[in-house]
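J.:
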Amino acid sequence: MNNLYFQKTKIILSIFLMFILVIQKGSIKKDNLSAVGFGKIILFNEHFVVYNVSAIAAALPQKVTSTIIKSDKFELYPKILEKEDTLKAINKILELLNLKKEKLKFTLAFESQIKPGSGIGSSAAFAVAAIKVLSKYLNLNLSNQKINEIAYEVEKIFHKNPSGIDNTISTYQGIILFKKENPKIVKQINFKEPLIFVIGESGNKSYIHPEQCRGTKKAVEKVRKLKDKNSEKFDLLLNKANKIATKSLKAITNFDLQKIGNLMDKNHKLLQQIKVSTPGLDKLVSIAKRNGALGAKLTGGGLGGNMIALAKDEIDANKILNAFRKEKFNCFIVKTKNRNLYDFEGEI
Ligand code: MEV
233 MNNLYFQKTK IILSIFLMFI LVIQKGSIKK DNLSAVGFGK IILFNEHFVV YNVSAIAAAL
293 PQKVTSTIIK SDKFELYPKI LEKEDTLKAI NKILELLNLK KEKLKFTLAF ESQIKPGSGI
353 GSSAAFAVAA IKVLSKYLNL NLSNQKINEI AYEVEKIFHK NPSGIDNTIS TYQGIILFKK
413 ENPKIVKQIN FKEPLIFVIG ESGNKSYIHP EQCRGTKKAV EKVRKLKDKN SEKFDLLLNK
473 ANKIATKSLK AITNFDLQKI GNLMDKNHKL LQQIKVSTPG LDKLVSIAKR NGALGAKLTG
533 GGLGGNMIAL AKDEIDANKI LNAFRKEKFN CFIVKTKNRN LYDFEGEI
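This is the structure in structure tokens:
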């Protein structure tokens, strides 16, 4: 009797389980497919990388997610994306993938954990997420190399003259050494242990810079004008940035945190000299240094946006975080993650 009761319960439970599995499978429908593009921080040599100096970038866990939702026509969601650069970006992606809007019956929806114009790679993450989800949904089987190439064309819309570092790190993740050309270098760097950074956002009202929030395009343009105006002085700065590139790679290989921090400080000074820092960013940098950061610098385009502070350990990171919070700056802690470039070929 007991045995019969047990058998019956087992059958009922199995049917119930099967039912749940069918429901779950139904909800992973192709028309609700998502893909992500990751944000980034630049550890060394933003801006100088545009002039072919090597730079180092690390992917952030913060991301843009793009989702396909079946519909009777092609649309973007939220609607605000259907204008200016974001619309041009999507049109460029469709053109490069030979896709005709009239034939597409879905909404391309976006969700972002990255504030636009804050220097942590929202535009590249937007492009990468869109290209990856289209590839997956339409069975295009795009390689990461192809995804990265298309994302670079999209970055040209957003930033006019980008180096390509943002789309590359967003596509491949991990931590990369990047050089634009002659020869182009994209190499994963493996850290012995994760690096701990505190990221501080300079958008504090009392430190708004007149040029804040106008994006990387504006900053890159400003640096180009500076270079054209005084190319000799700019060449000297490029030389210094090149030395930082070589030394930082060595410091990373030796996992010499003190040296990495020291070089970040030097890098920030160079970025101040090309006038992409702001009072808000400089204030965050000095708060971080006063509170035990090994090194601190702006990250990304500058003219507002975010900075990074390298912490020795989690205790120090929290000390820096609290000091930022005390001054009402938005901030968070991230740990870098190693990743093997080739492991992720074709992965979403
Ligand atoms: C922006 O994240 C990095 C810049 O160096 C621009 C670029 O490399 O394209 C400022």
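Take 233 as the starting number for the sequence shown in this note's numbering and just add one per residue. Think of the CB as a built atom: it goes at the ideal place given N, C-alpha and C, for glycine as much as any other residue.
How do the region 330 to 346 and the region 409 to 420 stand: do at least 3 beta-carbon pairs fall below 8 Å, yes or no?
T.: no
J.: Nearest CA to the CA of Glu-327: which residue from Lys-558, Ile-382, Phe-342?
T.: Of the listed residues, the one whose Cα sits closest to Glu-327 is Ile-382.
J.: At 3 residues or longer, what runs of the beta strand (DSSP E) sit wholly inside the region 278 to 302?
T.: Here the runs fully enclosed are 287 to 302.
J.: Where Leu-409 and Lys-333 are concerned, what is the direct C-alpha to C-alpha distance, given to the nearest angstrom?
T.: Rounded to the nearest angstrom, the gap between the Cα atoms of Leu-409 and Lys-333 is 37 Å.
J.: Per DSSP, which residues does Thr-478 bridge with? Please list them.
T.: Thr-478 pairs with nothing; no bridge assigned.
J.: What does a CB cutoff of less than 6 Å around Ser-355 pick up in its chain, not counting 5 residues either side in sequence?
T.: Phe-390
J.: State the Cα-Cα distance for the pair Ser-266 and Ser-344, rounded to the nearest angstrom.
T.: 13 Å
J.: Looking at the unbroken beta strand (DSSP E) that takes in Asn-538, where does it start and where does it end?
T.: 538 to 543
J.: Determine the closest residue to Glu-278 out of Asn-462, Cys-563, Gly-353, with distance taken between C-alpha atoms.
T.: Gly-353
J.: Where does Ala-525 fall in DSSP's three states?
T.: coil
J.: Would the beta-carbon of Thr-448 be found less than 6 Å away from any heavy atom of the ligand MEV?
T.: yes
J.: Quick one: grab the DSSP three-state call for Phe-423.
T.: coil
J.: Return helix, strand or coil for Val-582, following the three-state DSSP convention.
T.: Lying before the first or after the last residue shown, residue 582 is absent from the chain, which here runs from 233 to 580.
J.: Please name the residue or residues paired with Val-566 in a DSSP beta bridge.
T.: Phe-429
J.: Does the distance from the C-beta atom of Ile-274 to that of Thr-478 stay below 7 Å?
T.: No; because the gap between Cβ atoms is not below 7 Å, this pair is not in contact.
J.: Look at the alpha carbon of Leu-516 and the alpha carbon of Ile-379, and state the distance between them as a whole number of angstroms.
T.: 35 Å
J.: Between the C-alpha atoms of Tyr-309 and Leu-542, what's the straight-line distance to the nearest angstrom?
T.: 37 Å
J.: How is the alpha helix (DSSP H) around Phe-561 delimited, first residue to last?
T.: Per DSSP, Phe-561 belongs to no alpha helix (DSSP H) and is neither H nor E.
J.: Can the beta-carbon of Leu-503 be found closer than 7 Å to that of Ser-509?
T.: yes
J.: How many angstroms separate the CA atom of Asn-499 from the CA atom of Lys-529?
T.: Rounded to whole angstroms, the gap between the alpha carbons of Asn-499 and Lys-529 is 7 Å.
J.: Three or more C-beta pairs closer than 8 Å, one from the region 355 to 365 and one from the region 289 to 300: is that the case here?
T.: yes
J.: For Phe-276, write down the residues that DSSP places opposite it in a beta bridge.
T.: Ile-288
J.: Please classify Leu-495: does DSSP put it in a helix, a strand, or coil?
T.: helix
J.: Which word fits Lys-461, buried or exposed, when buried means at least 16 other C-beta atoms lie within 10 angstroms of its C-beta?
T.: exposed
J.: From Val-452, Ile-476, Thr-568, Phe-561, pick the residue whose C-alpha is nearest to that of Leu-535; which is it?
T.: Val-452
J.: Helix, strand or coil for Arg-571, going by three-state DSSP, please let me know.
T.: In the three-state scheme derived from DSSP, where H, G and I count as helix and E and B as strand, Arg-571 is classed as coil.
J.: To the nearest angstrom, how far is the alpha carbon of Gly-406 from that of Ala-289?
T.: 8 Å
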